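>
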Amino acid sequence: MIQLFPFEPATGTGVTAPIDDVDAAVAAEHRPSDGSRPWVLSNMIASADGGTAVDGLSGGLGGPGDKAMFRALRGVADAILVGAATVREEGYRPPRQPPATRERRASEGRRPDPRVVVVTGSLGLDPDLELFSDETNRPVIATVAGAPADRRAALEPVAEVVDVDGRDGGVDLGRVLRLLGERGVRTVLSEGGPSLNGQLVADGLIDEWNLTLSPHLLGGPSRRAAIGPVDGGPPPAMRLGRIWTDDDYLFCRWVRLDPDDA
Numbered sequence: 001m002i003q004l005f006p007f008e009p010a011t012g013t014g015v016t017a018p019i020d021d022v023d024a025a026v027a028a029e030h031r032p033s034d035g036s037r038p039w040v041l042s043n044m045i046a047s048a049d050g051g052t053a054v055d056g057l058s059g060g061l062g063g064p065g066d067k068a069m070f071r072a073l074r075g076v077a078d079a080i081l082v083g084a085a086t087v088r089e090e091g092y093r094p095p096r097q098p099p100a101t102r103e104r105r106a107s108e109g110r111r112p113d114p115r116v117v118v119v120t121g122s123l124g125l126d127p128d129l130e131l132f133s134d135e136t137n138r139p140v141i142a143t144v145a146g147a148p149a150d151r152r153a154a155l156e157p158v159a160e161v162v163d164v165d166g167r168d169g170g171v172d173l174g175r176v177l178r179l180l181g182e183r184g185v186r187t188v189l190s191e192g193g194p195s196l197n198g199q200l201v202a203d204g205l206i207d208e209w210n211l212t213l214s215p216h217l218l219g220g221p222s223r224r225a226a227i228g229p230v231d232g233g234p235p236p237a238m239r240l241g242r243i244w245t246d247d248d249y250l251f252c253r254w255v256r257l258d259p260d261d262a
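Read in order, the letters of the sequence shown are residues 1 to 262 in the working numbering.
1) Just how far apart, CA to CA, sit residue 262 and residue 186?
2) Tell whether a beta-carbon distance below 9 angstroms holds between residue 128 and residue 88.
3) Under 8 angstroms by Cβ, that's how I've got residue 169 and residue 144 pegged, so tell me the actual separation to the nearest angstrom.
4) Pairing CB atoms from the segment 233-250 with CB atoms from the segment 72-80, are three or more of them under 8 angstroms?
5) Under a three-way DSSP split, which group does residue 1 fall into?
6) Taking DSSP as the reference, what is the three-state secondary structure of residue 115?
7) What is the DSSP secondary structure of residue 86, counted as helix, strand or coil?
8) In three-state DSSP terms, what is residue 197?
9) Assign residue 229 to one of three DSSP states: helix, strand, or coil.
10) Give, in chain order, every unbroken run of the beta strand (DSSP E) that is at least 3 residues long and sits entirely within the segment 122-204.
11) Decide if residue 224 is buried, meaning its Cβ has at least 16 other Cβ atoms within 10 Å, or exposed.
12) Does the beta-carbon of residue 2 have 16 or more other beta-carbons within 10 angstroms, so that it is buried, or is it exposed?
13) Might you give, ordered along the chain, the residues of its own chain that have their beta carbon closer than 7 angstroms to the beta carbon of residue 96, omitting 5 neighbours on each side?
14) If you pair each beta-carbon of the segment 32-39 with each one of the segment 213-222, do three or more pairs fall below 8 angstroms?
15) What residues are listed by DSSP as bridge partners for residue 77?
16) Specify the secondary structure class of residue 48 as computed by DSSP and reduced to three states.
17) Could you pull the start and end residues of the beta strand (DSSP E) that residue 265 belongs to?
18) Looking only at its own chain, which residues have a Cβ that is under 8 angstroms from the Cβ of residue 7, when we skip the five neighbours before and after it?
19) Kindly identify the DSSP beta-bridge partner or partners of residue 40.
20) Have a look at residue 165 and residue 254 and give me their C-alpha separation to the nearest angstrom.
21) Using the DSSP secondary-structure output, state which residues sit across from residue 208 in a beta bridge.
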């Protein structure tokens with residue numbers, strides 16, 4: 001992995017700086033919280049022309065560097081926020097951190113593995129999914145009070161089901177984040193899909209946008225990394241924090257720009 005931006009030439013060589021330990025470099029990035037809710041970061045991958053899936057799955061776009069970034073970003077998350085469709089399509093499993101990451105998290109007073117938080121108003125999840133197989137790290141399911149009672153009864157033995165109704169009848173993501181903050185969660189990683197990301201963008205809840213650009217062209221109907229409603233106001237301003245590269249992939253990080261600095 002090589003850092004392209006910020007440009008930090010090695011003394012006497014004029015080349016960009018190597019990233020020897022991706023996990024440590026990502027963990028060292030600044031992620032403050034104002035105390036009202038956790039810091040929210042994303043992680044998505046897209047082709048050079050903006051598509052996010054091959055045959056419905058993101059894995060066809062990835063490579064070794066993308067897997068390293070995926071692991072590193074999960075390493076800084078206290079909770080992983082994801083939509084039910086992504087859980088089903090991508091075959092989510094209970095997250096497991098490498099031993100070195102678990103030790104670092106323990107030294108920071110954090111749980112060894114992040115907790116998965118699934119957003120679904122319909123509770124359209126099979127309780128036999130592998131995600132629900134770890135009794136020591138049960139997922140949270142954020143839903144609404146009017147969700148089907150039979151599905152709630154099936155999921156409550158394998159997950160913590162909480163009602164976080166919004167004014168529009170859907171799940172209120174702001175309330176989800178505040179609830180997690182009250183439980184000591186400092187960082188929340190959104191892994192999508194695009195509809196969940198789009199709602200976070202519309203609600204002004206994204207603090208950090210991580211996007212891997214894959215050296216492929218997809219064309220076709222593949223969706224963007226964030227889709228959905230817009231609030232009609234100016235788009236949130238972001239500041240480019242870094243660009244890394246590995247094997248023709250680009251790993252970009254944007255951070256929300258303080259309105260006073262915009």
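Even glycine gets a Cβ: it sits at the ideal position worked out from N, Cα and C. Treat the numbers as computed from the prediction; the structure is a model and nothing was measured.
So, from the listed chains and residues:
1) With a pLDDT of only 47 at residue 262, under the threshold of 50, the placement of this residue in the model should not be trusted; the figure read from the coordinates follows. Taking the straight line from one Cα to the other gives about 25 angstroms.
2) no
3) 7 angstroms
4) no
5) In the structure shown, the three-state DSSP call for residue 1 is coil.
6) strand
7) helix
8) helix
9) coil
10) 140-143, 160-163, 187-190
11) exposed
12) exposed
13) 113
14) no
15) Per DSSP, none; premise fails for residue 77.
16) coil
17) Nothing can be reported for residue 265, as the shown portion of the chain is limited to 1 through 262.
18) So the qualifying residues of the chain are 16.
19) According to DSSP, which records beta bridges pairwise, residue 40 is partnered with 188.
20) 30 angstroms
21) 41, 255
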